[in-house]
Every structure is written in structure tokens, then in C-alpha cells.
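Note sheet for the following structure.
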Amino acid sequence: MRTRKAAVIDMGTNTFHLVLVELIRDGFNVIYKEKVPVKLGQGGINQDQIAPEALKRAYHTLQHFKNLIDGEQIDRIFAFATSAVRNAKNGQDFVQEVKSRIGIDIKVISGEEEALLIYEGIKLSGSLNGQTELMMDIGGGSVEFIIGTSQEVFWKGSFEIGGQRLLELFHHHDPILTPEIHRLHAYLEEKLQSLLQAIETYQPTSLVGASGTFDTLTDIYYESMLQCKLTGQHAFELPVSEFHRIYQLLLTKNREERLQIPGMIPMRVDMIVVASSLIDFILKHIAVESITCSHYALKEGAIATVLKTEVETN
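Residue numbers (the numbering used here): 4 to 317.
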């Protein structure tokens, strides 16, 4: 029987992810994965444009991904674009250009669809423990929040307040200034009213962060403990006290100094201050002792959806 394979491309506002998988009866095996800091939102996100330099990086990366996909003889490609493309005035032109130039069909997903795929990814990671949880994924363009259990979603929302947007709006000095943090928190208070009401209504008792910034924060924590993450583990605990220690560290350092923090990766160094400030804001509204960090997010949720389709058609 021929091996069934699929490719998933997650075109985030900051990072493009490629995952090549072999579909098996109870799940999937990753054949190859790669992430590239395309920074699609850089230089235009708050003007609802994809800048020319960002387009150039995107075409180059997608052609590279297509070469890898063709090398594995994979014809099932699931490509998703999120906040930067769905809000850009030239987003549809970009989608059409990729189709004609590279041969990849891109599905531009809504914030609601994105939230549901993130939920599926988190569920697949084993991060949910049966209680009512607040889940969050900080992208470059948007931030998704989901309140629910491993069985069902009670509430979901997508907000255009991602790391690249917050960076351009508030992080004007390095290290960031205290008044900039205060303005950022006031902005979040205004933008996240519907989330704060949902937290009040559903009373989640734990916080789960998906991928991205949360991966880096746990990397920094593990490095400080002189521990390694185990291969095959997809959920990690970050004590809130340790989050606050790392956050205070990030607030006092400039870009070069942040790069020296063990566990920091260059891809995250610019956005991590405003993203951590968003987490700090959320922690003021939900009392937890630790944050569960899911290594799985949107792209794994897409794989989970592909697997469901496979089961239904066989």
C-alpha cells in the first residue's frame, strides 16, 4: 500500500511553518519540518498592506517549501494564511500570485477558523486536563483565545492585537519604557472587553499557551534550570513565578542583551517583550499557579483535521 503523505503550510504573520507528515492509522509521523521568519507583517501590518520586501521573502520561502514537497512526491498540500493576509488590501493579489507562480492554493482562514484549528492542535498535544481552560495563541497579527474543555469549546475569539502590531504601536524604546507598558495594558483593556466578560462568565481555572512565545519562554525556563525538554513531549509547565522572573528580565534588557539570554532564539527576540506583556495582562484576570505550554498549535490542528477527513473517507 502506498504511503499516504500530506504537507501543511502555516503562513503566519511572523513565521512560515512547513510540516511534511506521513499519515498512519492512529495519527501521523513527521517526515520533515521547517520554520522561516518571513516577517510578512513587517513594515505594513498596521496599514493593512503586505510590504514589497515582505512579499519577496514570502515568494522565496514558498518556492523553497514547494521544492521540498515535490521532492517527497506529496500532492496533498494544505496551505493556510492568517491575519496579515486576511487583513491586507493586497492579500488576495498575493494569494493569486502564489497560485500562478508556485502552484500552491492558499486558504485564507477567518479568525474563528484559526481559533478552532488552534484548539484542535492544543487538544492533540495532551495539554488539556478536563477542567475549563483558557487557551491562547499569540501570533504576529492576531491573538486567538478559546475557553473550553477537552470535550467542547464554550467561547472563542480572535483579536487583531498580535505581536507585530503591538511592537509597532508600543515598543518604541529599547529597553521598553514603563509608560509604554502602561499604554499597552490600557489598549488591551479596551480591545479585550469581550474576552474579559467571557472569563467572568465561564470562570476558567487554568491557562494554556500555544507554541511561539510560550515555546521560547519554556526554553528560557528550562535553560535556567539546566534541564532539557524531552523529545516527544508536547506539553510543558511554566510556573507563574518563573514567568514573572523572566518577564522582569525581558523588561530590563535591550535587543542585544535579550539575544544573550540562554534559550532565546533570534526569531522571537523582537516580539517577546510585548507578547510577554500581553501574557502578564491576562494573568491579572485569571488566578493560576502555572501556565501549560502546548508545543502544538495551528499547524498541528490542521494535521488533526486532515486525519479526521482521512478517517471519514476510508
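We put the CB at the ideal spot given by N, CA and C, even for glycine.
Pair within 7 Å by beta-carbon distance, residue i and residue j
i, j, result
"Leu301", "Ile121", "yes"
"Lys126", "Phe162", "no"
"Ser197", "Val243", "no"
"Leu131", "Glu75", "no"
"Gly44", "Gly142", "no"
"Ser86", "Thr18", "no"
"Thr221", "Cys296", "yes"
"Val41", "Ala54", "no"
"Ile282", "Ile249", "no"
"Gly166", "Met267", "no"
"Tyr299", "Gly133", "no"
"Thr255", "Tyr205", "no"
"Asn93", "Pro178", "no"
"Val111", "Ala84", "yes"
Contacts around residue i, its chain only, beta-carbon distance under 6 Å, and the 5 residues preceding and following it disregarded
i, result
"Ile77", "Lys8, Ala10"
"His20", "Asp13, Lys38, Lys302"
"Phe217", "Cys296"
"Gly212", "Met139, Ile294, Cys296"
"Lys311", "none"
"Ala91", "Asp51, Gln52, Ile53"
"Glu147", "Glu117, Ala118, Ile121, Asp140, Ser161"
"Gly46", "Ala54"
Beta-carbon contacts of residue i that lie in its chain and below 7 Å, excluding the five residues immediately before and after
i, result
"Lys69", "Ile105, Gly106, Ile107"
"Leu199", "His288"
"Pro269", "Leu262"
Endpoints, alpha helix (DSSP H) assigned at residue i
i, result
"Gly114", "114-128"
"Lys59", "55-74"
"His240", "The sequence given here has Glu at residue 240, not His. Per DSSP, Glu240 belongs to no alpha helix (DSSP H); it is in the beta strand (DSSP E), 238-242."
"Asp283", "275-286"
"Leu198", "196-205"
Inter-residue CB distance, residue i and residue j (contact presumed, cutoff 8 Å)
i, j, result
"Phe159", "Glu115", "Phe is not the amino acid found at residue 159; the sequence shown has Lys there. 7 Å between Cβ atoms; contact."
"His176", "Val276", "His176 to Val276, Cβ: 11 Å. No contact."
"Phe97", "Val88", "6 Å"
"Ile184", "Ser280", "6 Å"
"Leu137", "Ile150", "6 Å"
Host beta strand (DSSP E) of residue i (start-end)
i, result
"Asn32", "30-39"
"His20", "19-27"
"Thr295", "293-297"
"Ser161", "156-162"
Residues bridged to residue i [DSSP beta-bridge criterion]
i, result
"Lys102", "Answer is none; Lys102 lacks a bridge partner."
"Lys110", "Phe83"
"Pro265", "Its beta-bridge partners do not exist; DSSP assigns none."
"Gly212", "Met139, Cys296"
"Phe148", "Met139, Gly160"
"Asp13", "His20, Phe83"
"Lys311", "According to DSSP, Lys311 bridges with nothing at all."
Neighbourhood of residue i by C-beta distance below 8 Å, restricted to the same chain and skipping five residues each side
i, result
"Val291", "Thr208, Ser209, Leu210, Val243"
Cutoff 7 Å: residue i Cβ touching any chain D Cβ
i, result
"Gly142", "Considering every chain present, this structure includes no chain D. It has just one protein chain."
beta-carbon residue i near the ligand HEM non-hydrogen atom, thresh 6 Å
i, result
"Pro242", "Questions concerning the ligand HEM fall outside what the structure shown contains, since it holds no ligand whatsoever."
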